[in-house]
Structure formats: structure tokens, C-alpha cells
Amino acid sequence: MSSATKDKKLAAQVEKIVAVTPIHDVHTHLYAPAFGELLLYGIDELLTYHYLIAEGFRYFDLPYKKFWALTKTQQADLIWDELFIQHSPVSESCRGVLTTLNALGLDVKKRDLKGVRKWFATQKPDAYTTRCMELAGVKSICMTNSPFDDLERPVWEKGFSGDSRFVTALRIDPLLLDWSNTAPKLAQWGYNVTSEISAKTVEEVRRFLREWSKRMGARYVMVSLPPDFKYPAQTVCNQLIEGAVLPHCRETGLPFALMPGVTRAVNPQLKLAGDGVGLTDLKFLTNLCAQYPDNKFLVTILARENQHELCVLARKFRNLHVFGCWWFNNIPLLIEENTRMRLELLGLSVTPQHSDARVLDQLIYKWRHSREVITNVLVDKYADLARTGWEPTKVEIERDVALLFGGAFEKFLKG
Ligand code: FIX
Ligand code: ZN
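Residue numbers (this note's numbering): 9 to 423.
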């Protein structure tokens, strides 16, 4: 067999394996159907995704307030017109809507928004969840579960009996980043806390974490962090991390997931679409990994310029697991760059991607697009190996891809 034919065969094999390997989506903002209106799906949700709202405002000639006063359908109409009709939908988020519609069997070339709406109106959440997961090749979805969300908390308090397609993660941004507003809430929910961080308060925060982790069956505890986050530092946030979160995670074996690099509300007029990115000094993560070898840290980072340093850190600390191409990194250019860099520096001990889907149907495009890029990177890597005479077997490739699509993450969680 000529080497060109061998390369083609290998590429086809990798493509097939990546296409059929089920994915554990380790971070999303999706909910099981039992959470009712918290589960978003359908064309109007797809079009009013905050990524598209930000892009729409590049063109809109109307005040922010007027946009927010419109109904969701009107907002979707406006976005459709500006981003799909007046301009070609070349951005990643626009292309994603079309990939999704196309995969669902809808004819995008008709540009028939009304017809598409009619089709979505007939979908039922439970069966449609399964359909989207099948089309995306996703086996399990990790939710972002917040006791601080007034719509979500009652579902947990009533008792959520579980859904085998979904797993849970405890999200604690308000606890660590907005203590002055969160302390009164905890007090109201029966925790004996004060705004000053006393030993009793720390103990009660730990009880809060213990109770909510248990109630949710959380697989990890998660927070997003601003670019200027420091550890150690004389802050309430640090006191709570040191006194409550880290001991809780050690006691339960749960990883602490950190998402540094987001500056919230750079433009508050854009609401959820108004958050920005900043370069993080990763000294804080070195300190955490070194100081707490018995804690596990899951990390995805927002600034492109931080990605290399994060990989180097993961080479130094095995209690650090790198995952996903978060938010502004979730574009083919950066998925490719990050995945290549991670494989070249960390081998298969990473989770290259999570979807961060907020709308169920987005699973389809986010994973189809990522799979395509990951395939290309893997084909190159295996071809490099083949050139040395090391020909990877089908079983080896299957094993490797399974690690990248959730296996390495699971191992890290269990380890
Ligand atoms: O903090 C997060 O988990 C972020 O993913 C979100 O805040 C963000 O709005 C988002 O949807 C990014 O993809
Ligand atoms: Zn997220």
C-alpha cells in the first residue's frame, strides 16, 4: 500500500471513530425537561442566544432599551433579518444555527423563518431532548445547577427524581463573588452566617455546600473568576475558598472547577451578552495546585493568551485537569489551536471540549463543528506517528477518542 493510500485509510478510520464515539458534555447550561421552562429549545431561543445578540448589535440601529422591550419572537425576527438576510451568516454562532436546522432536516436555503417556527412548535421537550442528543452524539449532559437561581431552587426543594441523560454540578459564583448579597440569603435559608467571616460562618457555609452537593448529586463545584483574581489574598472570597470550599471538596472528593478570565458586564446594556475577556495571572492557580495537592482542580480559561501557560501548569500538577474551549474560544480557529497545543503538551490527559450550550438544539452544531476540528487534529497526530512506523490500531484510536470525549474527565473525577 502506498503511503498516500495508508494516510487516507487512517484518516477515514479516525473520522469514523470520532463520529461515533459518544460524548460526555462536561459543562452546559442545559436542564433536564423536569426543570420546565429552564430548558430552552427552538428557533427563537437559538436566534436570541446571547452570542447572536452581541453580533446583532454590531448592525442594529436601535437603542438597547427598545430591543429588550421586544418580545422574544420580535427579537428573533430582528436578529434573523440582520444576521441572516441582510448579511451572510458567516460567524460561528450564525453558522451554528444553520448546521442545527440542516441536521434536523429543515431546508435552510428557503430562508423561511415562519416555516421553521411552525416545525419547532410541534416538538415535545422530552423526545426532542433525546433527538438532539442523538444527532449530537452526546451521551450525557452536565447541567450548571445553582441554589441561587430562584427558578431552579424550588425544583430541588420539591425533589428532582433524576434523568439518566443529565448529571449535575454545583455552581457557586454568588457565594464566592457576591458575599454581601449572598449572606442574607443563606441566613434566610436557615444557615447561621454573618456578613463577617467568623469560624461559625465558615462552618455554616461548609454545611450549605455539603447539603447542596448531596441534594444535587453534584459531580464538581464550579465558579467563574475575574481576570484579576488572586490566591492567596486577604479577601472574603479567599477566606471562603480556604475555609469552606477546599475542605468540602477534599472531604467529598469533588473537584473544584475554576473558569478564570471573565470580566462581567463590560457593557451592562447588553445584559448576558455584555461580558468580556481579560488576561489572568495564573500565579493563583500555581498556588492552589501546589498548596492543596489533595484537591482536584478542573480548569478552562477564557483568554487565548492564557492557554499555553495553562497547559504548562497542567504538566506540573496532576491535580489539574484542563477542559474545553470556553465561549470566545469556541470557534474553529481556536478549537484547532488549543486542541493541537493540548495534545502536543499533555497527550490524552485532557478534555478538549465542552459545549457550554444554553439552548438544547445547540448541542448539535457545537459538537458537529468541534468533532470536525478534533478529527483533523487527530488525523495529523496519528499520521505523524505512522510516519515513524508506529501504526495506531483501531482499538487504540477508539480508546484515545473515548478518553478525549469524557473518559479522561471521568478518570480525573474518580482518581
Ligand atoms: O460562566 C459561565 O459558565 C459562562 O459559560 C456563561 O456565563 C456565559 O454566559 C456563556 O454562556 C458562555 O458560553
Ligand atoms: Zn458556562
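C-beta: ideal position from N, C-alpha, C; glycine also.
Listed in chain order, the alpha helix (DSSP H) elements of length 4 or more contained wholly in the stretch 282 to 342 are 291 to 299 and 315 to 324. Judged by their CB atoms, S148 and H32 are nearer to each other than the 9 Å cut-off. Between W334 and E406, the alpha-carbon positions lie close to 25 Å from each other.
When DSSP reads this structure, I31 sits in a beta bridge with V146. Listed by position in the chain, the residues whose beta carbon lies within less than 5 Å of some heavy atom of the ligand FIX are S232, W335 and D364. Secondary structure note for P255: its alpha helix (DSSP H) is the uninterrupted segment L254 to T260. In the structure shown, T271 falls within a strand segment according to DSSP collapsed to helix, strand and coil. Distance from the CA atom of W187 to the CA atom of L233, rounded to whole angstroms, is 14 Å.
At least one heavy atom of the ligand ZN falls within 8 Å of the beta-carbon of H35. Residue state for A365 is assigned as coil, using DSSP reduced to three classes.
Under the criterion of beta carbons closer than 8 Å, Q21 and K389 do not qualify as touching, at roughly 13 Å.
Between the alpha carbons of E211 and K16 lies a gap of roughly 60 Å. Beta-bridge pairing by DSSP links S232 to M267. One Cα belongs to R119, the other to L109, and the distance between them is close to 11 Å. The bridge partners DSSP lists for R125 come to none.
The three-state reading of DSSP puts R103 in helix, counting H, G and I together.
Between Q315 and I343 a beta carbon distance of about 11 Å is seen, past the 8 Å cut, so the two are scored as non-contacting.
Q242 counts as exposed, since fewer than 16 other beta carbons sit within 10 angstroms of its beta carbon. Beta-carbon to beta-carbon, L321 and L354 are separated by about 10 Å, too far to satisfy the 8 Å threshold. For T202, the shortest separation between its Cβ and any heavy atom of the ligand ZN does not lie below 8 Å. The beta carbon of K14 is closer than 6 Å to none in its chain, skipping five residues each way along the sequence.
Between the ligand ZN and T152, a heavy atom-to-CB distance of less than 8 Å is present. The nearest non-hydrogen atom of the ligand ZN is less than 8 Å from the C-beta of M267.
Within the stretch 127 to 190, complete alpha helix (DSSP H) segments of at least 4 residues are found at 133 to 144, 161 to 166 and 181 to 185, given in chain order.
Taking R326 as reference, the option from P301, R312 and K238 with the minimal CA-CA separation is P301. Taking every protein chain shown into account, the CB of M9 has fewer than 16 other CB atoms within 10 angstroms, so this residue is exposed. Each of L293, A273 and L296 was checked against the Cα of V285, and the nearest Cα belongs to A273.
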